[in-house]
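For reference, the structure is listed below as structure tokens.
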Amino acid sequence: MKKEMTLPEDFTVSLPFVRERQEEYRAKRFKPYFERSDLTNEEKVCIGNYQDVHYWNEQKEDWSCKVPETMKEKPWCYMINSCCRFQMFYDERTYFEKELINFNVNNIDSAIEKSEIHGELFVYRGVYDIDWLKKIIRQDEFEDEAFGSFSLKKSIAYQYTNPQNPIIFRLKLKKQMKALYIDETECEMLRPRKTRYKIIEIKKQYEESLNMEVTVITIEEILK
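Residue numbers (this note's numbering): 4 to 227.
Shown next as structure tokens:
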């Protein structure tokens with residue numbers, strides 16, 4: 004029988020806002036992953052690893068490769084998504100690192116599979132890599148090999164764009180689509196790996212909060 008991982012008694016202390024705002028969380032439309040009874044402890048730990056917020060992993064700095072400066076505070080997220088996107092990158096990892104990555108990816112996969120949208124809402128994702136964006140615009144469609152990180156708040160998405168040229172994806176989540184709500188920190192909605200999207204519209208609009216014009220790319224999931 005598979006032995007379930009045991010969480011430390013003070014597990015919630017390592018997560019932002021938990022004890023202070025539990026009542027506030029319960030009043031919201033989505034329940035944060037660490038309060039969900041349908042997720043296993045292993046799934047919760049792996050989602051926490053992906054966030055790099057746990058005191059016991061100390062953001063794990065002893066990887067066999069150098070983590071970019073921009074991802075120094077989120078090495079787990081960088082390693083997991085890079086291994087999902089690039090086979091050669093995954094092949095170059097040590098045996099132990101591959102085991103860690105596989106364990107985390109499998110548990111995040113299963114947690115997302117349990118996370119179904121019950122209504123309709125828009126989520127947003129910042130775009131920084133202009134070269135990649137130009138490529139997918141020519142093709143009209145793209146597949147995200149890694150976990151898709153979106154936010155319920157446009158203001159969060161703008162933080163992950165080029166401040167001189169803000170570009171965001173706008174995606175409408177519909178009933179029964181899969182998306183895992185993380186927590187209030189970034190109001191993050193984590194989408195399944197290998198999801199295909201189609202570009203529906205690209206338009207410029209004035210964003211009052213930034214006092215400048217931004218590019219909004221509306222996309223939709225291509226259902227299998």
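Glycine included, every Cβ here is placed at the ideal spot set by N, Cα and C.
Could you pull the start and end residues of the alpha helix (DSSP H) that residue i belongs to?
{"i": "residue 154", "result": "Segment 151-154 is the beta strand (DSSP E) holding residue 154; no alpha helix (DSSP H) there."}
{"i": "residue 145", "result": "Unbroken run through residue 145 is the beta strand (DSSP E), 144-147; no alpha helix (DSSP H)."}
{"i": "residue 91", "result": "90-94"}
{"i": "residue 49", "result": "44-54"}
Would residue i and residue j be called neighbours here (beta carbons separated by less than 8 Å)?
{"i": "residue 199", "j": "residue 123", "result": "no"}
{"i": "residue 107", "j": "residue 49", "result": "yes"}
{"i": "residue 194", "j": "residue 87", "result": "no"}
{"i": "residue 66", "j": "residue 116", "result": "no"}
{"i": "residue 150", "j": "residue 111", "result": "yes"}
{"i": "residue 203", "j": "residue 185", "result": "no"}
{"i": "residue 187", "j": "residue 35", "result": "yes"}
Determine the extent of the beta strand (DSSP E) in which residue i is found, giving its start and end residues.
{"i": "residue 127", "result": "124-130"}
{"i": "residue 112", "result": "Taken as a continuous stretch (DSSP letters only), residue 112 belongs to no beta strand (DSSP E), being part of the alpha helix (DSSP H) at 98-116."}
{"i": "residue 216", "result": "215-224"}
Round the Cβ separation of residue i and residue j to the nearest angstrom and send it over; I've been treating them as touching at under 8 Å.
{"i": "residue 166", "j": "residue 217", "result": "Incorrect: roughly 11 Å between the Cβ atoms, too far for contact."}
{"i": "residue 161", "j": "residue 213", "result": "6 Å"}
{"i": "residue 53", "j": "residue 79", "result": "6 Å"}
{"i": "residue 180", "j": "residue 148", "result": "Actually they do not touch by this definition, with Cβ atoms about 18 Å apart."}
{"i": "residue 81", "j": "residue 91", "result": "The Cβ separation is near 16 Å, so there is no contact."}
Nearest to residue i by alpha carbon, out of the options?
{"i": "residue 172", "options": "185, 179, 136", "result": "136"}
{"i": "residue 183", "options": "140, 202, 114, 176", "result": "114"}
{"i": "residue 46", "options": "134, 223, 109", "result": "109"}
{"i": "residue 244", "options": "125, 138, 208, 77", "result": "No answer is possible for residue 244: the residues shown for the chain start at 4 and end at 227."}
{"i": "residue 210", "options": "204, 202, 219", "result": "219"}
{"i": "residue 119", "options": "91, 201, 176", "result": "176"}
{"i": "residue 156", "options": "226, 127, 89", "result": "127"}
{"i": "residue 226", "options": "207, 178, 42", "result": "178"}
{"i": "residue 130", "options": "121, 152, 142, 141", "result": "152"}
{"i": "residue 159", "options": "191, 138, 85", "result": "191"}
{"i": "residue 201", "options": "215, 141, 208", "result": "141"}
{"i": "residue 51", "options": "89, 32, 37", "result": "37"}
{"i": "residue 93", "options": "76, 134, 68", "result": "68"}
(message) Which complete alpha helix (DSSP H) runs does the segment 146-206 hold, if anything under 4 residues is left out?
(response) You should have 157-161.
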